[in-house]
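Student: Quick one: the structure is below, questions incoming.
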Amino acid sequence: MLTYALPGSLVMAESLLVGASLLNIFLAVWFVNARLYPMAVSLFPLMIHKSQPKWKYYFSCHFIAVSAWLIMKSNYKSVEKKHRIDFWIGIGCATWTTAVIGTFVGFYLSDYLDKNMMMGLAILNPIYFLCMMVGAMKTIQITASVILGLLLGPIFYFFSPEWSILLGGFIGGTIAYFIGELNVN
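Just so we're aligned, residue 179 is where the sequence shown starts under our numbering, counting upward by one.
Next up, the structure:
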């Protein structure tokens, strides 16, 4: 319940299974979740308002996840600036609660599912994120980064299976950034 985003949860669970120390588990989860930092940096300036207390911002940092971030980035302009942090906390509480309930239900129902169903459900999360990203493709940068990531990830797999996702995302995102910068001028 304290490790909200799926990759951090998986690293924590796997580390516990292999008997890692609490310090190693903390560091591993911290490094995995560091990928959320750019999302926080791009989101929080859009929500800052002088009438809101600082504790709301500290509290709401715990709700950074791709799905919640995409929802907020798609809707923040329609929310009055002084209410954006409250809107964000609402999104965060809703997605966090759904994730926790889904985790408990999935854990207890997994004994009743066959292996093929389990493998099918494992691929559901990446498909969900892909659909969310396609729905958010409102700028040339986002569109280019999604398309380039989809193309480059499998290409890099042939050269380095362990690093293919990172290389595809980093190089695709970098190219998309420069494409966006060129189209602004």
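Note that beta-carbon positions come from the ideal geometry of N, C-alpha and C, so glycine has one too.
Quick caveat, the model's predicted, so the values are computed rather than measured.
Note the first and the last residue of the continuous alpha helix (DSSP H) segment covering A198.
Tutor: Where A198 is concerned, there is no enclosing alpha helix (DSSP H), given that its DSSP letter is neither H nor E.
Student: How is I242 classed by DSSP in three states: helix, strand or coil?
Tutor: DSSP places I242 in coil when its eight states are reduced to three.
Student: Tell me whether the beta-carbon of L329 lies closer than 9 angstroms to the beta-carbon of G313.
Tutor: No; because the gap between Cβ atoms is not below 9 angstroms, this pair is not in contact.
Student: When the Cα of I357 is compared with those of I318, P332, W341 and E340, which residue comes out closest?
Tutor: The shortest C-alpha separation from I357 is found at I318.
Student: Check each candidate in F282, K293, W233 and A300 and name the one with the smallest Cα separation from I267.
Tutor: Nearest option by C-alpha distance: W233.
Student: Go to I226, then tell me how far its alpha helix (DSSP H) extends in each direction, as first and last residue.
Tutor: Counting along the chain, I226 falls outside any alpha helix (DSSP H), and DSSP gives it neither H nor E.
Student: Starting from S338, follow the alpha helix (DSSP H) in both directions and report where the run begins and ends.
Tutor: Taken as a continuous stretch (DSSP letters only), S338 belongs to no alpha helix (DSSP H), as it is neither H nor E.
Student: Can you tell me where the alpha helix (DSSP H) holding L291 begins and where it ends?
Tutor: Unbroken run through L291: none, as it is neither H nor E.
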